[in-house]
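Just below is one structure, and these are the notes that go with it.
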Amino acid sequence: MSADLSKRLVPDELWELVAPFLLSFAARPQGGGTAPRDERAVFTAVVYVLIRGCAWRHLPPTFGVSSATAHRRFTVWTGVGLWRRLHRAVLDELGARGEVDWTSAIVDAASVRAKRGGSLTGPNPVDRGKKGSKLHVLSDAQGVPLAFAVSGANMHESLALKPLILGIPAVRSRRGRGV
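Right, here's the structure in full:
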């Protein structure tokens with residue numbers, strides 16, 4: 279993978295925030311287990327898939343990480359709450375710099391199909407009533423995501439506002455902890 283692409287996807291400053299949160303995956307002393315991998319390369323490969331929205335199997339080989347390894351790590355990291363903790367760390371860092379703009383908030387949502395159903399689905403009013411979910415996000419005035427929620431596709435955005443506001447974590451600021 280080109281160093282330029284790697285640095286754009288995961289700059290050094292972001293990597294410094296991410297690295298302490300990653301679990302160590304080590305080979306077992308008796309053999310087998312997880313082979314050691316460059317954690318930054320694996321994380322960068324996962325970020326690539328998440329940003330591009332491509333299937334795991336379409337991960338370019340230039341990352342030096344197999345799509346199976348990237349997907350497995352993504353699954354483990356998701357299971358241990360890495361993404362929520364990383365979101366919080368980024369918000370704290372931005373808040374400490376005074377880069378969270380609290381002057382206004384923006385709420386938006388996107389509907390996605392949910393063929394397998396589940397508790398967070400509902401009839402999608404824009405897709406002939408097929409099962410779907412709605413992804414809600416509340417951002418600051420500059421577009422920094424502050425809170426996320428998932429609901430049935432038939433939930434109006436106005437009903438998601440209160441849970442989103444309550445979901446904003448206490449963010450470190452120049453004045454101290456808190457919003």
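In our numbering, each residue carries its 1-based index in the sequence shown increased by 278.
A virtual CB, placed ideally from N, CA and C, is assigned to each residue, including glycine.
If you're wondering where the values come from, they're calculated on a predicted model, not measured in any experiment.
Proximity winner among ALA392, GLY396 and SER397, relative to ASP405 (alpha-carbon distances): ALA392
query: Within this structure, are the beta carbons of LEU416 and LEU424 separated by less than 7 Å?
result: Using a Cβ distance threshold of 7 Å, LEU416 and LEU424 count as a contacting pair.
message: Could you tell me the alpha carbon to alpha carbon distance between VAL325 and ASP316, rounded to whole angstroms?
response: 14 Å
query: Roughly how many whole angstroms lie between the Cα atoms of ASP370 and GLU377?
result: 10 Å
- prompt: For GLY373 versus VAL449, is the C-beta spacing smaller than 7 Å?
  reply: Contact flag set, yes.
- request: Please name the residue, chosen from ILE446, LEU300 and ARG335, that lies closest to TRP380 on a Cα-to-Cα basis.
  value: ILE446
Rounded separation between ALA367 and TRP334 - CA only: 26 Å
message: Report the CB separation of VAL385 from LEU301 in whole angstroms; it is logged as a contact under 8 Å.
response: Rounded, the Cβ-Cβ distance is 33 Å, inconsistent with contact.
- request: Would you tell me roughly how many angstroms separate the C-alpha atoms of ARG286 and SER382, rounded to the nearest one?
  value: Each residue's Cα considered, the two are about 29 Å apart.
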